[in-house]
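Undergrad:
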Amino acid sequence: TQILFQHGVNLVLQDKKGKASKKEDQPNPKDEGGEEHMAAVLAELRTLRKEHAEASKDTKDSLTRVEAALAELDERMTKLEQRMTENEQRLSDAEDKSQRNERALHYLLQRDASLSAKCEDLESRARRNNVRIYE
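Just so you know, we're using the working numbering here: the sequence shown kicks off at 1437 and counts up by one.
Printed below as a string of structure tokens:
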């Protein structure tokens, strides 16, 4: 059993399994081990300080790893946003080109119909004039 903290008449003890328990400390007029008791408390405080420092270091290391992972995710997110912007631009360009091609196709279809009608008219006139056109 280790002494963790003494405050007034309450004494907190810790057994080997790490469970803390309180015991009432009755003042003993024959208590001559006050210095030994203080030395034990001081040793326990040093142990606690060391454990706290180790836990603090572990926490800082974990925080550093989390920050590094967050920075990596931020970088990946930035790259993905950039790729998405580029893809949106390419899609917009492709849509514009498609619209131009549709307008050109519409014009060419009208022109084809017009030229076909003109050719048919010329062939009809040529037949009337007894002229033959070989294709």
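Ideal placement from N, C-alpha and C gives every residue a C-beta, glycine not left out.
These numbers come from a predicted model, not from an experiment.
In angstroms, rounded to a whole number, what distance separates the CA positions of residue 1506 and residue 1533?
TA: The count along the sequence shown starts at 1 and reaches residue 1506 at position 70. The count along the sequence shown starts at 1 and reaches residue 1533 at position 97. Cα to Cα, residue 1506 sits roughly 40 Å from residue 1533.
Undergrad: Kindly provide the ranges of any alpha helix (DSSP H) runs that are 4 or more residues long and lie completely inside the region 1476 to 1564, ordered along the chain.
TA: Whole alpha helix (DSSP H) segments, 4+ residues: zero.
Undergrad: If you draw a straight line from the alpha carbon of residue 1524 to that of residue 1497, how long is it in whole angstroms?
TA: Numbered from its first residue, the sequence shown carries residue 1524 at position 88. Numbered from its first residue, the sequence shown carries residue 1497 at position 61. Looking at the two C-alpha atoms, the distance is approximately 40 Å.
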